[in-house]
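What follows is a set of notes on a single structure, which appears directly below.
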Amino acid sequence: MVRCVNAIILCLLLFKVGSLYAQSDFLLHAHTLTPHQLVVNPSILPDADFYLGLPVIGNSSAGYSNNSFTYRDLIRKKPGTDSIYFDFDNYLLSLRNSNFIYAGASTDLVSIGWREGRWYVGARITEVADMRFRFSKDLMKLAINGNGPYLGELMQLGNIYLRASHYRKYAVNFSRDIQCKLRLGISAAFLYGMENLNVKRSEITLITNPVTFDLTGTSDILINSSGTESFNTDSLKTWPYQMQRKNRGVSVDIGATYKLNDKVDLSASLLDLGYIRWKYKAKSYSNKVSEFSFSGIPINDFLNANPDSVEHGINRYLDSLGNVFSVEESNIEKYAVALPARIYLSGSYALNDWNTLRFTYFGNTFHRLYSSAAISYTRNFNNLLEVSFAWALHNNTAANLGAGVTLNLGLTQFNLFADNLPAVFGAYNSRGTTVRAGITLVSGYGEDRPDYCDRDHDGIPNERDECPDDPGIMEMMGCPDSDLDGIPDKHDECPDLAGLLSLHGCPDTDGDGITDNRDACPELAGPPELDGCPDSDGDGITDNSDACPHQAGPADLRGCPDRDRDGIPDGDDACPDLPGTVKYNGCPDSDGDGIPDNTDECPQTAGAVQFNGCPDTDGDGISDQHDRCPELFGEKSNRGCPSGDTDNDGVPDALDHCPTLPGPKALNGCPELQPEAKNVVETAVRDLEFNSGKAVISGNSYEALDNLILLLRANPDWQMRISGHTDNSGTEDGNLRLSRDRARAVATYLIDGGISADRLKVEWFGQTKPIADNGTEKGRKKNRRVELKLIQ
Numbered sequence: 005m006v007r008c009v010n011a012i013i014l015c016l017l018l019f020k021v022g023s024l025y026a027q028s029d030f031l032l033h034a035h036t037l038t039p040h041q042l043v044v045n046p047s048i049l050p051d052a053d054f055y056l057g058l059p060v061i062g063n064s065s066a067g068y069s070n071n072s073f074t075y076r077d078l079i080r081k082k083p084g085t086d087s088i089y090f091d092f093d094n095y096l097l098s099l100r101n102s103n104f105i106y107a108g109a110s111t112d113l114v115s116i117g118w119r120e121g122r123w124y125v126g127a128r129i130t131e132v133a134d135m136r137f138r139f140s141k142d143l144m145k146l147a148i149n150g151n152g153p154y155l156g157e158l159m160q161l162g163n164i165y166l167r168a169s170h171y172r173k174y175a176v177n178f179s180r181d182i183q184c185k186l187r188l189g190i191s192a193a194f195l196y197g198m199e200n201l202n203v204k205r206s207e208i209t210l211i212t213n214p215v216t217f218d219l220t221g222t223s224d225i226l227i228n229s230s231g232t233e234s235f236n237t238d239s240l241k242t243w244p245y246q247m248q249r250k251n252r253g254v255s256v257d258i259g260a261t262y263k264l265n266d267k268v269d270l271s272a273s274l275l276d277l278g279y280i281r282w283k284y285k286a287k288s289y290s291n292k293v294s295e296f297s298f299s300g301i302p303i304n305d306f307l308n309a310n311p312d313s314v315e316h317g318i319n320r321y322l323d324s325l326g327n328v329f330s331v332e333e334s335n336i337e338k339y340a341v342a343l344p345a346r347i348y349l350s351g352s353y354a355l356n357d358w359n360t361l362r363f364t365y366f367g368n369t370f371h372r373l374y375s376s377a378a379i380s381y382t383r384n385f386n387n388l389l390e391v392s393f394a395w396a397l398h399n400n401t402a403a404n405l406g407a408g409v410t411l412n413l414g415l416t417q418f419n420l421f422a423d424n425l426p427a428v429f430g431a432y433n434s435r436g437t438t439v440r441a442g443i444t445l446v447s448g449y450g451e452d453r454p455d456y457c458d459r460d461h462d463g464i465p466n467e468r469d470e471c472p473d474d475p476g477i478m479e480m481m482g483c484p485d486s487d488l489d490g491i492p493d494k495h496d497e498c499p500d501l502a503g504l505l506s507l508h509g510c511p512d513t514d515g516d517g518i519t520d521n522r523d524a525c526p527e528l529a530g531p532p533e534l535d536g537c538p539d540s541d542g543d544g545i546t547d548n549s550d551a552c553p554h555q556a557g558p559a560d561l562r563g564c565p566d567r568d569r570d571g572i573p574d575g576d577d578a579c580p581d582l583p584g585t586v587k588y589n590g591c592p593d594s595d596g597d598g599i600p601d602n603t604d605e606c607p608q609t610a611g612a613v614q615f616n617g618c619p620d621t622d623g624d625g626i627s628d629q630h631d632r633c634p635e636l637f638g639e640k641s642n643r644g645c646p647s648g649d650t651d652n653d654g655v656p657d658a659l660d661h662c663p664t665l666p667g668p669k670a671l672n673g674c675p676e677l678q679p680e681a682k683n684v685v686e687t688a689v690r691d692l693e694f695n696s697g698k699a700v701i702s703g704n705s706y707e708a709l710d711n712l713i714l715l716l717r718a719n720p721d722w723q724m725r726i727s728g729h730t731d732n733s734g735t736e737d738g739n740l741r742l743s744r745d746r747a748r749a750v751a752t753y754l755i756d757g758g759i760s761a762d763r764l765k766v767e768w769f770g771q772t773k774p775i776a777d778n779g780t781e782k783g784r785k786k787n788r789r790v791e792l793k794l795i796q
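Here the sequence shown stands for residues 5 to 796, numbered as in the numbering used here.
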């Protein structure tokens with residue numbers, strides 16, 4: 005150790021940078037499948053319920069890094085030969101004012117972790133080797149070019165720092181969610197130190213004499229070490245080396261992750277906050293010279309000459325320095341060295357369930373903060389395979405392209421990451437990389453485990469989720485709204501159908517105030533007492549059960565009317581205003597001749613089928629209905645009347661409505677009525693009214709008809725002709741039936757009053773014989789009539 009200070013000055017010229025290692029671990033953040041993410045952030049919740057890193061090979065990393073140069077900047081091959089030479093000019097051009105070499109290597113001797121409710125618990129034992137070295141460009145210029153360029157100048161060549169450690173970390177890790185979106189983690193470790201070399205202080209000033217080129221200046225250097233003198237490979241296997249050195253320390257890693265929303269996660273971690281107190285064979289090496297003088301030797305004079313002179317030149321240089329610098333070696337009780345802290349800041353954005361983008365910032369400390377940053381893309385293949393790619397700004401260069409893969413084969417997981425792939429295949433042309441690999445046993449991927457923060461996985465914490473077991477939306481306080489009607493399902497009586505708040509979320513398609521789920525007729529408005537179904541005719545039978553929804557009728561006829569109360573619905577009743585029988589489709593056979601009244605031209609008088617139900621009283625082959633002289637045998641040519649003028653009134657019997665009673669021709673041979681009788685008939689015609697569109701006589705007509713009955717009773721020899729007529733409203737066939745039914749209704753009323761049916765002549769003409777203009781309401785009213793004529 006006597007030459008320790010001198011060796012530090014020449015360390016770069018030993019050209020062992022290729023064997024140094026550095027850790028940035030950009031890709032470890034990007035792989036959610038590997039539980040070893042806990043190394044870079046103790047708050048991360050691994051996807052695996054349980055993991056066990058295989059001893060030694062479970063999780064190991066190695067690499068190398070510096071912030072200014074590559075091998076190719078210094079070592080070059082002579083053209084056309086296999087020999088190499090040192091290109092110091094190019095090397096000096098590549099250096100920065102402050103140059104930093106970061107070294108690190110680690111392997112987990114064993115690691116384990118498992119999920120315990122809302123906690124994740126882990127433990128690991130890790131072997132760590134770490135070295136950091138910082139030097140100035142001016143120092144290398146002096147060492148390589150000699151002191152000529154600096155004649156008469158005062159140079160500050162201090163701030164040389166070196167820290168190298170070998171230690172073991174025994175760590176336990178705990179993480180738990182806090183308020184669901186935030187998760188905190190801590191890793192506490194006991195540290196066992198094995199070797200350490202620490203340049204604690206280095207202040208050097210130099211002045212070059214412009215005449216003699218001698219160096220004069222001052223120095224103040226302090227170097228501490230522990231366990232370095234007795235180190236050898238055999239001691240690695242001994243119990244005292246492994247467990248009985250008195251170098252002890254503690255460290256803490258803290259981390260936090262925050263789920264901003266379903267897409268964005270943020271994380272931060274601060275690692276290696278701690279120190280080791282070195283006691284085992286602790287030594288210090290100091291050199292404090294208020295003024296010294298040294299004749300420098302230009303390194304180019306011997307390094308670019310015969311290669312055999314290199315070793316001799318270095319030894320001469322170290323011996324010369326040793327003569328100038330008086331290094332004082334002493335044993336010390338202990339000294340403490342802080343671990344080099346690291347910081348990670350990371351944010352991820354999920355493009356979808358399987359693709360993620362991530363930004364990661366890495367800060368590495370050694371007397372100052374050295375920053376790096378990376379952007380990565382990760383693709384997860386159904387939790388079986390995870391592949392990532394990263395581009396990083398690291399070591400003052402953007403030429404860092406990394407890749408990583410995690411593969412799950414059953415219970416075995418394989419990891420392999422490289423932060424800079426070109427450096428793996430061409431180390432001489434790169435400033436460094438980190439390689440991490442391991443084999444781990446894992447279980448519990450994809451299991452349906454309880455989420456203590458968000459049981460329904462809707463992104464809303466349980467304490468703010470009014471429906472913690474059913475996925476919902478923030479607007480509904482975490483409750484689902486399946487039908488998107490703005491009413492959460494728990495308050496929605498119809499959660500699968502959009503509805504109204506006033507109806508507890510149920511729809512009311514017909515707007516009758518009765519929800520569709522309780523409405524027997526959801527598309528037709530109806531009252532509550534009929535379960536929401538309409539009753540258009542008001543008969544107490546809902547339209548959906550009413551065979552005649554627009555006509556009131558009894559329940560036993562399915563809501564259809566039966567005006568004549570014969571038990572046959574009007575729609576099936578050929579004679580809806582006259583009681584009849586099923587045999588004749590609801591029509592009566594008043595005269596009992598086997599011909600229903602609706603087809604019987606003489607419904608009140610029994611007749612023969614060939615005469616459409618009319619009799620032929622005189623047997624002349626002409627039915628009484630068409631026989632001008634129904635009681636006298638006549639001739640067809642004379643319309644059933646015999647030839648001659650029986651009553652000698654000048655009206656032939658064939659045309660005489662009263663062939664046995666003399667009367668004027670104007671009255672068709674019948675005698676003129678007395679004024680009193682004529683007034684009774686005219687009053688009956690004037691007051692005769694029917695319900696609109698029906699053959700039901702209005703009660704206002706009864707008095708006049710009753711007076712007509714009294715007149716006919718008083719004159720038993722008189723007969724009456726009843727003729728039905730309508731206007732042209734409606735169809736022709738319908739009007740014909742209506743005129744028939746109304747004429748028959750009057751006849752029925754007179755028969756019910758005691759007038760023999762054979763005294764009545766009933767006929768109907770529909771709309772064929774108008775007496776006024778059907779184009780006006782007044783004219784149509786006149787055409788809607790039943791004419792009554794007395795025959796004496």
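A virtual CB, placed ideally from N, CA and C, is assigned to each residue, including glycine. On a predicted model such as this, the values are computed, not experimentally measured, just so you know.
Should ALA52 go down as buried or exposed, given a rule of 16 or more other Cβ atoms within 10 Å for buried?
-> Residue 52 sits at position 48 when you count from the first residue of the sequence shown. The residue is buried, with at least 16 neighbouring Cβ atoms inside 10 Å.
Out of curiosity, what's the CA-to-CA distance linking ILE599 and GLY575?
-> To locate residue 599, count along the sequence shown from 1; it is residue 595. To locate residue 575, count along the sequence shown from 1; it is residue 571. Going from the Cα of ILE599 to the Cα of GLY575 covers about 21 angstroms.
Among residues of its own chain, excluding the 5 on either side of THR74, which ones have a beta-carbon nearer than 8 angstroms to its beta-carbon?
-> Within the sequence shown, residue 74 is the residue found at index 70, counting from 1. Answer for THR74: SER98, TYR432, ASN433, SER434, ARG435, listed in chain order.
Measure the alpha-carbon distance for PHE429 versus PRO83 and round it to whole angstroms.
-> On the sequence shown, residue 429 is found 425 positions in, with the first residue counted as 1. On the sequence shown, residue 83 is found 79 positions in, with the first residue counted as 1. Looking at the two C-alpha atoms, the distance is approximately 23 angstroms.
For my contact list, TYR367 and ARG383 are in at a C-beta cut-off of 8 angstroms; report their separation, rounded to the angstrom.
-> Mapped onto the sequence shown, residue 367 falls at position 363. Mapped onto the sequence shown, residue 383 falls at position 379. Per the sequence shown, the amino acid found at residue 367 is Gly instead of Tyr. No, GLY367 and ARG383 are not in contact; Cβ-Cβ is about 28 angstroms, not under 8 angstroms.
For the stretch 161-172 and the stretch 122-138, state whether three or more C-beta atom pairs, one from each stretch, are separated by less than 8 angstroms.
-> yes
Note down the Cα distance separating SER23 from LEU275, rounded to an integer number of angstroms.
-> Mapped onto the sequence shown, residue 23 falls at position 19. Mapped onto the sequence shown, residue 275 falls at position 271. Here SER23 scores only 30 on pLDDT, less than 50, and its place in the model is too uncertain to base an answer on.
May I ask which residues mark the beginning and end of the beta strand (DSSP E) holding THR752?
-> Counted from its first residue, the sequence shown places residue 752 at position 748. Note, THR752: premise wrong, no beta strand (DSSP E); alpha helix (DSSP H) at 736-756.
Would a C-beta distance cut-off of 8 angstroms place GLY757 and ILE713 closer than the cut-off?
-> Within the sequence shown, the letter at position 753 stands for residue 757. Within the sequence shown, the letter at position 709 stands for residue 713. Yes. Within cutoff.
For PRO668 and GLU680, believed in contact at Cβ under 8 angstroms, the rounded distance | Mapped onto the sequence shown, residue 680 falls at position 676. Mapped onto the sequence shown, residue 668 falls at position 664. With 8 angstroms as the limit, GLU680 and PRO668 do not qualify as a contact, their Cβ atoms being about 19 angstroms apart.
Taking Cβ positions, are PRO583 and ARG569 nearer each other than 8 angstroms?
-> Along the sequence shown, one-based indexing puts residue 583 at 579. Along the sequence shown, one-based indexing puts residue 569 at 565. Cβ atoms of PRO583 and ARG569: closer than 8 angstroms.
VAL125 in three-state terms, based on DSSP | Residue numbering aside, residue 125 sits at position 121 when the sequence shown is read from its first letter. DSSP places VAL125 in strand when its eight states are reduced to three.
Where does GLU157 land, buried or exposed, given buried means 16+ other C-beta within 10 angstroms?
-> As a first step, residue 157 must be located in the sequence shown, where it is residue number 153. GLU157 should be labelled exposed.
Below 8 angstroms, can you find three or more Cβ-Cβ pairs linking the stretch 177-188 to the stretch 197-210?
-> no
Alpha carbon of THR111 to alpha carbon of VAL176, nearest angstrom = One-based indexing of the sequence shown puts residue 111 at position 107. One-based indexing of the sequence shown puts residue 176 at position 172. Those two C-alpha atoms are separated by around 16 angstroms.
Just the Cα atoms here: how many angstroms apart are ASP493 and ASP541?
-> Locating residue 493 in the sequence shown gives position 489, where the first residue counts as 1. Locating residue 541 in the sequence shown gives position 537, where the first residue counts as 1. About 39 angstroms.
Would you say LEU361 and TYR381 are within 8 angstroms of each other, going by their C-beta atoms?
-> For the purposes of this step, residue 361 is taken as the residue at position 357 of the sequence shown. For the purposes of this step, residue 381 is taken as the residue at position 377 of the sequence shown. The answer is yes: Cβ separation under 8 angstroms.
Is the stretch 249-260 touching the stretch 189-205 in the sense that three or more CB pairs, one from each, lie closer than 8 angstroms?
-> yes
To which residues of the same chain is ALA11 closer than 6 angstroms at the C-beta, ignoring the five residues directly before and after it?
-> Residue 11 sits at position 7 when you count from the first residue of the sequence shown. Note that ALA11 has pLDDT 38, beneath the 50 cutoff, so the model's placement of it is unreliable and the number below is only indicative. Answer for ALA11: no residue qualifies.
For SER72, count neighbouring Cβ atoms within 10 angstroms of its own Cβ and tell me buried if that reaches 16, exposed if not.
-> Position 68 of the sequence shown, counted from the start, is the residue given in the question as residue 72. Buried, because 16 or more other Cβ atoms sit within 10 Å of the Cβ of SER72.
Is there contact here, the stretch 79-95 with the stretch 108-128, by at least three beta-carbon pairs under 8 angstroms?
-> no
Taking contact to mean at least 3 C-beta pairs separated by less than 8 angstroms, is the stretch 713-732 in contact with the stretch 761-775?
-> yes
Could you tell me the distance, in whole angstroms, from the CA atom of GLY648 to the CA atom of GLY611?
-> One-based indexing of the sequence shown puts residue 648 at position 644. One-based indexing of the sequence shown puts residue 611 at position 607. The alpha-carbon atoms of GLY648 and GLY611 are separated by roughly 28 angstroms.
Inter-stretch contact (C-beta, 8 angstroms, three-pair minimum) for the stretch 701-711 and the stretch 741-757 = yes
Just grab the DSSP bridge partners of HIS554 for me.
-> One-based indexing of the sequence shown puts residue 554 at position 550. None; HIS554 has no bridge partner.
Paired residues, beta bridge with SER447 - DSSP = Here residue 447 refers to the residue found at position 443 of the sequence shown. BP columns for SER447 point to PHE54.
Alpha carbon to alpha carbon, what distance is there between ASN387 and THR36?
-> Numbered from 1 along the sequence shown, position 32 holds the residue referred to as residue 36. Numbered from 1 along the sequence shown, position 383 holds the residue referred to as residue 387. Their backbone Cα atoms lie some 9 angstroms apart in a straight line.
Alpha carbon to alpha carbon, how far is ARG180 from SER392?
-> Position 176 of the sequence shown, counting from 1, holds the residue named residue 180. Position 388 of the sequence shown, counting from 1, holds the residue named residue 392. Rounded to whole angstroms, ARG180 to SER392 spans 27 angstroms at the Cα level.
Do ARG438 and GLN417 have their C-beta atoms within less than 8 angstroms of each other?
-> Taking the sequence shown and counting its residues from 1, the one referred to as residue 438 is at position 434. Taking the sequence shown and counting its residues from 1, the one referred to as residue 417 is at position 413. The sequence shown places Thr at residue 438, not Arg. Contact: no.
Below 7 angstroms CB to CB, which residues in the same chain sit around THR621 once its five sequence neighbours on both sides are set aside?
-> Within the sequence shown, residue 621 is the residue found at index 617, counting from 1. Counting only Cβ-Cβ distances below 7 angstroms, and skipping sequence neighbours, we find ASP628, PRO634, GLU635.
Taking the alpha helix (DSSP H) that GLY783 falls in, what are its first and last residues?
-> Here residue 783 is taken as the residue at index 779 of the sequence shown, counted from 1. That run of the alpha helix (DSSP H) goes 781-787.
Cβ neighbour criterion (16 or more within 10 Å) applied to VAL341 | As a working mapping, residue 341 is identified with position 337 in the sequence shown. It counts as buried.
Buried or exposed for MET480, please, with buried defined as at least 16 other CB atoms from any protein chain shown within 10 angstroms of its CB.
-> As a position in the sequence shown, residue 480 is number 476, starting the count at 1. It is buried - the Cβ of MET480 has at least 16 other Cβ atoms within 10 Å.
Distance, Cα to Cα, ALA309 vs ALA109?
-> The sequence position of residue 309 within the sequence shown is 305, counting from 1. The sequence position of residue 109 within the sequence shown is 105, counting from 1. With a pLDDT of only 47 at ALA309, under 50, the local geometry of the prediction cannot be trusted, and no value is derived from it.
Just to confirm, are LEU96 and ILE148 a CB contact at a threshold of 8 angstroms?
-> Taking the first residue of the sequence shown as position 1, residue 96 is located at position 92. Taking the first residue of the sequence shown as position 1, residue 148 is located at position 144. Closer than 8 angstroms, so yes.
According to DSSP, residues forming a beta bridge with ARG180 | Taking the sequence shown and counting its residues from 1, one reaches residue 180 at position 176. Answer is TRP123, LEU188.
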